[in-house]
Amino acid sequence: MDSHTPFTFSNRANQLTSSAIREILKVTTRPEIISFAGGLPSADGFPVAELRQAFDVVLEKQGKVGLQYGPTEGYGPLREWVARQKSSADVTISPNEVLIVSGSQQALDMLGKLFIDPGSKVLVESPSYLGALQSFSMYEPTYVPIDTDEGGLIPAEVSSAKAEGARFIYALPNFQNPTGRTLSNERRQDLVERCAAAHIPVVEDDPYGELRYEGSPQPSLLHLGRKAGATVIHLGTFSKVLAPGLRLGYIVAPPAIIDKLIQIKQATDLHSSTITQMAIYEAIKDNFLEKHLPMVRDLYMRQCHYMLDAMQEYFPAEVEWTRPEGGMFLWVTLPKHMDAQDLLSKAIERNVAFVPGEPFYATSDAKANTFRLSFVTVTEDRIREGIAILGKLIREQM
Ligand code: PMP
Numbered sequence: 001m002d003s004h005t006p007f008t009f010s011n012r013a014n015q016l017t018s019s020a021i022r023e024i025l026k027v028t029t030r031p032e033i034i035s036f037a038g039g040l041p042s043a044d045g046f047p048v049a050e051l052r053q054a055f056d057v058v059l060e061k062q063g064k065v066g067l068q069y070g071p072t073e074g075y076g077p078l079r080e081w082v083a084r085q086k087s088s089a090d091v092t093i094s095p096n097e098v099l100i101v102s103g104s105q106q107a108l109d110m111l112g113k114l115f116i117d118p119g120s121k122v123l124v125e126s127p128s129y130l131g132a133l134q135s136f137s138m139y140e141p142t143y144v145p146i147d148t149d150e151g152g153l154i155p156a157e158v159s160s161a162k163a164e165g166a167r168f169i170y171a172l173p174n175f176q177n178p179t180g181r182t183l184s185n186e187r188r189q190d191l192v193e194r195c196a197a198a199h200i201p202v203v204e205d206d207p208y209g210e211l212r213y214e215g216s217p218q219p220s221l222l223h224l225g226r227k228a229g230a231t232v233i234h235l236g237t238f239s240k241v242l243a244p245g246l247r248l249g250y251i252v253a254p255p256a257i258i259d260k261l262i263q264i265k266q267a268t269d270l271h272s273s274t275i276t277q278m279a280i281y282e283a284i285k286d287n288f289l290e291k292h293l294p295m296v297r298d299l300y301m302r303q304c305h306y307m308l309d310a311m312q313e314y315f316p317a318e319v320e321w322t323r324p325e326g327g328m329f330l331w332v333t334l335p336k337h338m339d340a341q342d343l344l345s346k347a348i349e350r351n352v353a354f355v356p357g358e359p360f361y362a363t364s365d366a367k368a369n370t371f372r373l374s375f376v377t378v379t380e381d382r383i384r385e386g387i388a389i390l391g392k393l394i395r396e397q398m
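Each residue of the sequence shown is one higher than the last, beginning at 1 in the UniProt record's numbering.
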């Protein structure tokens, strides 16, 4: 057979592989599957009527502007809204420190373009958000894993010799994806001080910060970093507070970084959707989120407790799990000898799915006995059913 194909991919593209897990998880779209795998927000929290109304108003009053090309940096009033939202009594963010992007996933890709040369050191929590690892990997970094414990990432690691010269640290301080863990105030302070001293920029990815349903809010790395003299690049998104299909998020960073990112974004997609930016602004400008978010938090809290209660009832005592104060995920640790991928194969046969821990680790320090559960997409009765099945399978494998 002729081995020649009519096209030649780049080396970069040829390095991409479809993971075994992704293949397994393809089945999770079948309706009979109880999937704790997806990171999909609950559609019950989408403000459909309000968004419809907002799009209607924009189309009626400013249709020709909304359907036209717009500035790369984003719709002015929305940038101003983000700047106001992220300012506090002692930290002022100006609109020229805000760039509107097409979801924080785009921000991650753009940060890869901005900071990573082949071989550049990038510090990542171990484990970290899989989607960020996929974005950064396109630019061929050398990952340096930062150890974590029950309290999240361990700041002292940033001062270690292995971290020296890193282009940035990628941190998820609130209800981390995948573990659901939150960084304490002390660790946040410690982290930004060490990053300021070591001249390592901090990328703070915070899609879930507004979804806290328990405990007390912690200051953002953005605010602590400003006061400590650290460079912080803060990522936010409308995906979890409104709806992910809007594909809109934002970056808050010093003007020198925003200016470079604007050049990068221009080359990437010119700008994010004008009409969507205007409609989101129309929907949220009069404090809609303050009315809307308590409902979403309440929904997520109930789902989270429902899953925790079911785990308490059905999982053997040797299994450990995190108790998140917000967000969408929790993290399960099986006894050391067990392998979550084996468990997944058995679980799929019984129509239950989750994501094994391994792909969330950037380096070879992966813990095969871990996995992630999402508690927001599945209805309460099915959460119970799915957890009961997992509990039974875990007992059988122990
Ligand atoms: N960062 C984290 C930690 C996430 O969990 C997600 C969504 N799963 C994203 C970024 C991307 O979100 P979006 O592009 O929808 O804003």
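Just so you know, even glycine gets a beta-carbon here, dropped at the ideal spot from N, CA and C.
Element boundaries [alpha helix (DSSP H), containing residue i]
{"i": "S137", "result": "L130 to S137"}
{"i": "S104", "result": "S104 to F115"}
{"i": "V202", "result": "Counting along the chain, V202 falls outside any alpha helix (DSSP H), though it belongs to the beta strand (DSSP E) covering V202 to D205."}
{"i": "P255", "result": "P255 to D269"}
{"i": "P77", "result": "G76 to K86"}
{"i": "Q15", "result": "Careful: Q15 lies outside any alpha helix (DSSP H) and carries neither H nor E."}
{"i": "residue 470", "result": "The structure shown has nothing for residue 470, since the chain only spans 1 to 398."}
{"i": "I387", "result": "E380 to Q397"}
{"i": "Y281", "result": "T274 to I284"}
{"i": "L224", "result": "L221 to A228"}
Spatial neighbours of residue i in its chain, beta-carbon cut-off 7 Å, leaving aside the 5 residues before and after
{"i": "P219", "result": "N185 and R188"}
{"i": "H223", "result": "S88 and V91"}
{"i": "A107", "result": "V101, L235, G249 and I251"}
{"i": "L114", "result": "K260, L261 and I264"}
{"i": "G229", "result": "A196"}
{"i": "I387", "result": "M307, A310, M311 and Y314"}
Nonlocal neighbours in the same chain, by C-beta distance under 8 Å from residue i, ignoring five residues either side
{"i": "N369", "result": "T333, L334, P335, K336, H337, M338, D339, A340 and G357"}
{"i": "residue 399", "result": "Examination of residue 399 is not possible in this model, given that the chain is present from 1 through 398 alone."}
{"i": "E320", "result": "V332 and T333"}
{"i": "residue 399", "result": "Because the chain in this structure spans residues 1 to 398, residue 399 falls outside the shown range and cannot be described."}
{"i": "I233", "result": "L111, F168, P201, V202, V203, E204, I251, V252, A253 and I257"}
{"i": "T148", "result": "E125, S126, P127, I154, T179 and R181"}
{"i": "D365", "result": "S126 and P145"}
{"i": "E50", "result": "A283, F288 and H292"}
{"i": "M398", "result": "P316, E318, P335 and M338"}
{"i": "I116", "result": "V122, F136, Y139, E140, P141 and R167"}
{"i": "I394", "result": "F315, P316, V319, L334, M338 and L343"}
Burial state of residue i (16 or more Cβ within 10 Å)
{"i": "residue 401", "result": "Any answer about residue 401 is impossible in this case: the structure gives the chain only from 1 up to 398."}
{"i": "M295", "result": "exposed"}
{"i": "V252", "result": "buried"}
{"i": "S94", "result": "exposed"}
{"i": "H4", "result": "exposed"}
{"i": "R22", "result": "exposed"}
{"i": "K86", "result": "buried"}
{"i": "Y69", "result": "exposed"}
{"i": "L343", "result": "buried"}
{"i": "T276", "result": "buried"}
{"i": "T237", "result": "buried"}
{"i": "Q15", "result": "exposed"}
{"i": "H271", "result": "buried"}
{"i": "P217", "result": "exposed"}
{"i": "P324", "result": "buried"}
Proximal residues to residue i (C-beta, below 6 Å), its chain only, five neighbours per side dropped
{"i": "A54", "result": "A279, E282 and A283"}
{"i": "T231", "result": "P201"}
{"i": "I389", "result": "R350 and V352"}
{"i": "V355", "result": "A37 and R372"}
{"i": "G209", "result": "N174"}
{"i": "M1", "result": "Because M1 carries a pLDDT of 48, less than 50, the predicted location of this residue cannot be relied on, and the following value inherits that uncertainty. Nothing meets the Cβ criterion."}
{"i": "E73", "result": "L99 and I262"}
{"i": "T28", "result": "S35, A37 and A353"}
Rounded distance between the beta-carbons of residue j and residue i, thought under 8 Å
{"i": "L191", "j": "P244", "result": "The Cβ separation is near 28 Å, so there is no contact."}
{"i": "P41", "j": "K240", "result": "6 Å"}
{"i": "D109", "j": "S128", "result": "Their Cβ separation, rounded to whole angstroms, is 16 Å, which puts D109 and S128 out of contact at 8 Å."}
{"i": "E385", "j": "I34", "result": "6 Å"}
{"i": "L242", "j": "R297", "result": "Going by Cβ atoms, the distance from L242 to R297 rounds to 14 Å, so no, they are not a contact pair."}
{"i": "residue 399", "j": "G151", "result": "Nothing can be reported for residue 399: it is not among the residues displayed for the chain, which extend from 1 to 398."}
{"i": "A132", "j": "S159", "result": "23 Å between Cβ atoms; not a contact."}
{"i": "G391", "j": "Y314", "result": "3 Å"}
{"i": "L246", "j": "G45", "result": "About 13 Å; that fails the 8 Å criterion."}
Limits of the beta strand (DSSP E) - the one that residue i falls within
{"i": "H234", "result": "V232 to T237"}
{"i": "F371", "result": "T370 to S374"}
{"i": "I251", "result": "G249 to V252"}
{"i": "residue 403", "result": "Here the chain comprises residues numbered 1 to 398, so residue 403 is not present and cannot be evaluated."}
Interface flag, residue i vs chain B, CB-CB below 8 Å
{"i": "G180", "result": "Protein chains in the displayed structure number just one, and chain B is not present."}
What are the uninterrupted segments assigned as beta strand (DSSP E) that are 3 or more residues long and contained completely in the segment 304-357, given in chain order? 329-333
What are the uninterrupted segments assigned as beta strand (DSSP E) that are 3 or more residues long and contained completely in the segment 114-196, given in chain order? Counting only runs of 3 or more, we get 121-126, 142-149 and 168-171.
So within the segment 17-70, which uninterrupted beta strand (DSSP E) runs reach at least 3 residues, ignoring any that extend past its ends? none
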